[in-house]
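Asks:
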Amino acid sequence: MTCPKCGAPMRTHRRNGVTIEQCTKCHGMFLDAGEFEQLLGAEQSFLGEDPAKRGSSSG
């Protein structure tokens, strides 16, 4: 696979069931459908909170 931005080869990383492609030149990261949500779920599980609500204040 080649980077859609600069055309350099992509490197595949697999972590906790999520596959991420990263460009070897510009270091851009690319996710397939649903992988962003998987990353958010892994973060939520690790932190014990909803990452989307982090930083929000009430009042």
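Everything in the sequence shown is counted per the working numbering, starting at 57 for the first residue and increasing by one. Beta carbons are placed, not taken as given, at the ideal position from N, Cα and C, and that holds for glycine.
Looking at the secondary structure, which residues open and close the alpha helix (DSSP H) in which glycine 97 lies?
Replies: Start and end: 91-103.
Asks: Within the continuous beta strand (DSSP E) that includes cysteine 79, where are the two ends?
Replies: Per DSSP, cysteine 79 belongs to the beta strand (DSSP E) from 74-79.
Asks: Give a yes or no on whether the C-beta atoms belonging to valine 74 and alanine 98 are separated by under 8 angstroms.
Replies: Taking 8 angstroms as the Cβ cut-off, valine 74 and alanine 98 qualify as a contacting pair.
Asks: Just to confirm the assignment, what range does the beta strand (DSSP E) spanning histidine 69 have?
Replies: 66-71 is the extent of the beta strand (DSSP E) around histidine 69.
Asks: Can you check DSSP and say which residues form a bridge with methionine 85?
Replies: Methionine 85 is bridged to Gln78.
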